[in-house]
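Those letters in the sequence shown? Residues 436 to 811, per the working numbering, in order.
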Amino acid sequence: MLGDFSGPYRHLSGPTNVACVRQAVQDSGLIERGIPVEVVQADHQQKADTGTGIVREWFDRGGVDVVLEVNNSSIALAVNGIVREKDKIHLNTGAATTELTAHNCSPNTVHWTYDTYMLARSSGVATVKAGGNSFFFVTADFAFGYQMERDLTRFIEAGGGRVAGKVRYPFPATSDFSSFLVQAASSRAKVVAFLNAGADFINCVKQANEFGLTKRGQKLLGIIGFVNDVHTLGLETAQGLLLTECFYWDMNERTRAFTRRVLPKTPDNYPNQCQAGAYSAALHYLKMVGQVGAARAKASGREMVDLMKAAPTDDDVFGAGRIRADGRKIHDVHLFEVKAPAESKGPWDYYKLVQTTPAEEAFRPLAEGGCPLANT
Numbered sequence: 436m437l438g439d440f441s442g443p444y445r446h447l448s449g450p451t452n453v454a455c456v457r458q459a460v461q462d463s464g465l466i467e468r469g470i471p472v473e474v475v476q477a478d479h480q481q482k483a484d485t486g487t488g489i490v491r492e493w494f495d496r497g498g499v500d501v502v503l504e505v506n507n508s509s510i511a512l513a514v515n516g517i518v519r520e521k522d523k524i525h526l527n528t529g530a531a532t533t534e535l536t537a538h539n540c541s542p543n544t545v546h547w548t549y550d551t552y553m554l555a556r557s558s559g560v561a562t563v564k565a566g567g568n569s570f571f572f573v574t575a576d577f578a579f580g581y582q583m584e585r586d587l588t589r590f591i592e593a594g595g596g597r598v599a600g601k602v603r604y605p606f607p608a609t610s611d612f613s614s615f616l617v618q619a620a621s622s623r624a625k626v627v628a629f630l631n632a633g634a635d636f637i638n639c640v641k642q643a644n645e646f647g648l649t650k651r652g653q654k655l656l657g658i659i660g661f662v663n664d665v666h667t668l669g670l671e672t673a674q675g676l677l678l679t680e681c682f683y684w685d686m687n688e689r690t691r692a693f694t695r696r697v698l699p700k701t702p703d704n705y706p707n708q709c710q711a712g713a714y715s716a717a718l719h720y721l722k723m724v725g726q727v728g729a730a731r732a733k734a735s736g737r738e739m740v741d742l743m744k745a746a747p748t749d750d751d752v753f754g755a756g757r758i759r760a761d762g763r764k765i766h767d768v769h770l771f772e773v774k775a776p777a778e779s780k781g782p783w784d785y786y787k788l789v790q791t792t793p794a795e796e797a798f799r800p801l802a803e804g805g806c807p808l809a810n811t
């Protein structure tokens, strides 16, 4: 588990992710069958050189076979190359870059959970279908923000909506978003979309609430928002917020059963889609280990990924799914609206479902990515 254990995404990554992977080990039943499984963890500190140094040490001297999560696109792309060189496995459950399944795809990597295309498509198409046909973007001024602008605009316009305006703010040097929110309010767009994440996203929602955007009838949309962010904001502030996740703990009986199993290990932080993704990826890999045995599993990461692609996925967090030839794992994706305080019936009861995008529609089509593996 290579993630953020001390920085701004600790509650979205870190200890809860480890707890979910340990739950996957327990649920796999391999320990009882005499197949040892060890989970180790490290903090990449959001630094590429730190992250890649840890991974090489793990592979060269630590006996590690699989790296999970990562949650930083630059580190994920570097790890993508290392696993190919060492014939190990990268199960990316946290980074959002679609490059992992494009020209940089690898036979040793599977991209789980979400990516920028999926987030933009669900957020754009589903929001337009729900009646939000005009948008104003508040965008972090760096590569992620530009990509999200392009993708969101494409899906909004394809669905019959329009972009009424946008503003880019200096990243990461901004904490006061008031001038940008004034522009968003004056645009009269039905939806104000925040193309950012973490502390910036939380600050934007707080300040939008203070400026009364929702009282004017504008919807707030988080492109990368998590149930943990809603918990930080509180329902009084976050109510009405739209966001996309492919997992919600209270979605159905299977998601609730998973949450009941893992919650004793992480009682103060309910799992989000990334943490559920780590469980899902680890469990599917461990199922393949159970089929071929530990010795063969350690022999070739590429062979294990091939086996993972050949077998359908099914677990308590995402339900049924599959892994495509380009390494993209697909499953249904959901647009949620945050409940008002009066609608919530208990702790972490935060979401109501607005729209579901079926798995085969939610992710970039295989032919559009340019992954060489798609032609093999």
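Where is the CB? At the ideal position from N, CA and C, for every residue including glycine.
In the three-state reduction of the DSSP assignment, Val662 falls in the helix class, which pools H, G and I.
Excluding residues up to 5 positions away in sequence, Val626, Leu656, Leu677, Leu770 lie with their Cβ nearer than 7 Å to the Cβ of Thr562 in the same chain. For Arg623, the secondary structure class from DSSP, reduced to helix, strand or coil, is coil. Residue pairing of Gln790 in beta bridges, as defined by DSSP: Leu770.
Judged by DSSP in its simplified three-state form, Arg603 adopts strand.
Taking Thr487 as the centre and dropping the five residues before and after it, the same chain places the C-beta of Ala513 closer than 6 Å to its C-beta, in chain order. When the five nearest sequence neighbours on each side are left out, no beta carbon in the same chain lies closer than 8 Å to the beta carbon of Arg585. Annotated three-state conformation of Val640 is helix, per DSSP. Lys787 and Val640 have their C-alpha atoms some 18 Å from each other. DSSP lists Val598, Val626 as the beta-bridge partner residues of Phe570. The three-state secondary structure of Asn527, taken from DSSP, is strand. Distance from the CA of Met743 to the CA of Ala760, rounded to the nearest whole angstrom, comes to 11 Å. Burial check for Asp767: the Cβ neighbour count within 10 Å reaches 16 or more, so the residue is buried. The continuous alpha helix (DSSP H) containing Gly516 extends over residues 508-521.
Under the DSSP assignment, Ile758 falls in the beta strand (DSSP E) whose first and last residues are 754-758. Here DSSP, grouped into helix, strand and coil, assigns Leu465 to coil. Looking at Pro605, His446, Gly595, the one whose alpha-carbon comes closest to that of Phe577 is Pro605. Distance between Val474 and Asp749, taken at the CA atoms: about 22 Å. In this chain, the beta strand (DSSP E) harbouring Thr679 covers 677-680.
Spatial neighbours of Phe440 in its own chain (CB-CB distance under 6 Å, excluding positions within 5 residues in sequence) are listed in chain order as Gly449, Asp478. Shown here for Glu492: not one same chain residue has a beta carbon closer than 8 Å to its own, the five before and five after excluded. Residue environment: Asn631 is assigned as buried (16 or more neighbouring CB atoms within 10 Å of its CB, all protein chains considered). The alpha-carbon of Thr451 is positioned some 38 Å away from that of Gln618. Boundaries of the alpha helix (DSSP H) harbouring Gly580: 578-593, taken from the DSSP string.
With respect to Thr574, Arg603 sits close: the two C-beta atoms are nearer than 8 Å.
Within the same chain, Cβ atoms closer than 7 Å to the Cβ of Phe570 are found at Ile591, Gly596, Val598, Ala599, Ala624, Val626, Ala628, the five residues on either side in sequence being excluded.
Residues of the same chain with a CB within less than 7 Å of the CB of Val490, apart from the 5 flanking positions on each side, are Leu437, Val502, Val514, Ile517 in chain order. Sequence-distant partners of Ser508 (beyond 5 residues in either direction) whose C-beta falls short of 7 Å from its own C-beta, in its chain, are Ala530, Ala531, Thr532. Per DSSP, Thr551 has no beta bridge partner at all.
Under the three-state reduction of DSSP output, Lys722 falls in the helix class. Ranked by Cα distance from Gln674, the options Tyr714, Leu526, Ala775 are led by Ala775.
Taking all protein chains in view, the Cβ of Lys733 is surrounded by fewer than 16 other Cβ atoms within 10 Å, so the residue is classified as exposed. With 16 or more other Cβ atoms inside 10 Å of its own Cβ, Val453 counts as buried. Contact between His546 and Thr536 is confirmed by a C-beta separation of about 5 Å, below the 8 Å threshold. Of all alpha-carbon atoms in Thr679, Glu738, Lys764, Met723, the one lying nearest the alpha-carbon of Val560 is that of Thr679. In the structure shown, the three-state DSSP call for Thr544 is strand.
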